[in-house]
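Report on the structure given below.
In this note's numbering, the protein residues as written are 164 to 312.
Structure (structure tokens):
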């Protein structure tokens, strides 16, 4: 792993996306605990009463549009993902030498493009945003992971 305190590097944000139970949060927790990343858990808003309104729009996007292979109106999902982007940028601004890993369910290319194109750069430097998608699921990993938490 590269030295996270190397000042010559641009700020880095890794987005780890995938289906529920694919291991996104576990991977983010590992990168934070073992490799010096700042972990932004993007899915926590789904269970937060304070985020009920933006979560409702996102849930509508999934059930009324995306799961039916239709395009969801941006005003339904942008508030949710906009907050996730803002949290990642805040993490970079706190310490631009530390890479940030964001873990959340992102199903649509348009949403990934929104995350890349609509964010404001932190004042320190332009950042490099990398997306990784977890597709495979091994049930034995889930049971092992559950015992570690």
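We put the beta carbon where it would ideally sit given N, CA and C, even for glycine. Small disclaimer: the values here were computed from a predicted structure and weren't measured.
Assumed close pair residue i, residue j - CB separation to whole angstroms, cut-off 8 Å
i: residue 200; j: residue 247; result: With a Cβ gap of about 16 Å, residue 200 and residue 247 do not count as contacting.
i: residue 228; j: residue 234; result: 6 Å
i: residue 206; j: residue 249; result: That belief does not hold up - the Cβ atoms of residue 206 and residue 249 are roughly 16 Å apart, past 8 Å.
i: residue 175; j: residue 251; result: Residue 175 to residue 251, Cβ: 11 Å. No contact.
i: residue 217; j: residue 208; result: 7 Å
i: residue 244; j: residue 278; result: 6 Å
Neighbourhood of residue i by C-beta, 7 Å cutoff - its chain only, sequence neighbours within 5 removed
i: residue 191; result: 179, 202, 204, 264, 266
i: residue 212; result: none
8 Å Cβ shell around residue i - same chain, five flanking residues per side excluded
i: residue 238; result: 220
i: residue 258; result: 201
Simplified DSSP assignment, three categories, for residue i
i: residue 354; result: In the structure as shown, the chain begins at 164 and stops at 312. Residue 354 is therefore absent and cannot be evaluated.
i: residue 181; result: strand
i: residue 166; result: Confidence is the limiting factor: at residue 166 the pLDDT is only 48, short of 50, which leaves the residue's position unreliable, though a coordinate-based value still follows. DSSP places residue 166 in coil when its eight states are reduced to three.
i: residue 312; result: Confidence at residue 312 is low in this model, with a pLDDT of 40, below 50, so its placement is unreliable and the value that follows should be read with caution. Residue state, collapsed to three classes: coil.
Alpha helix (DSSP H) segments (min. 4 residues) lying fully within the segment 214 to 289: 215 to 223, 237 to 257, 272 to 280
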